[in-house]
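Here is the structure:
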């Protein structure tokens, strides 16, 4: 608990593929749980 997930993209070309999961789905978590949780994350691309 309290740890921040790190999504590491080996090639930044994959960013378009995972964009939906990273931003659209993760941003909905706060509203799905009534504001009780936050979804901090770090995206690292090379």
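Residue numbers (my numbering): 5 to 50. We put the beta carbon where it would ideally sit given N, CA and C, even for glycine. On a predicted model such as this, the values are computed, not experimentally measured, just so you know.
Note the first and the last residue of the continuous alpha helix (DSSP H) segment covering residue 20. Stepping through the chain shown from its first residue, residue 20 is reached at position 16. Under the DSSP assignment, residue 20 falls in the alpha helix (DSSP H) whose first and last residues are 19–23.
Does the distance from the CB of residue 50 to the CB of residue 10 come in under 9 angstroms? The count along the chain shown starts at 1 and reaches residue 50 at position 46. The count along the chain shown starts at 1 and reaches residue 10 at position 6. Going by beta carbons, residue 50 and residue 10 fall outside the 9 angstroms limit.
For residue 12, collect the residues of the same chain with a Cβ closer than 6 angstroms to its Cβ; drop the 5 residues on either side in sequence, then sort them by chain order. Taking the chain shown and counting its residues from 1, the one referred to as residue 12 is at position 8. Closer than 6 angstroms at Cβ, skipping near neighbours: 48.
Determine the direct distance from the alpha carbon of residue 26 to that of residue 20, and round the result to whole angstroms. As a working mapping, residue 20 is identified with position 16 in the chain shown. As a working mapping, residue 26 is identified with position 22 in the chain shown. Cα to Cα, residue 20 sits roughly 10 angstroms from residue 26.
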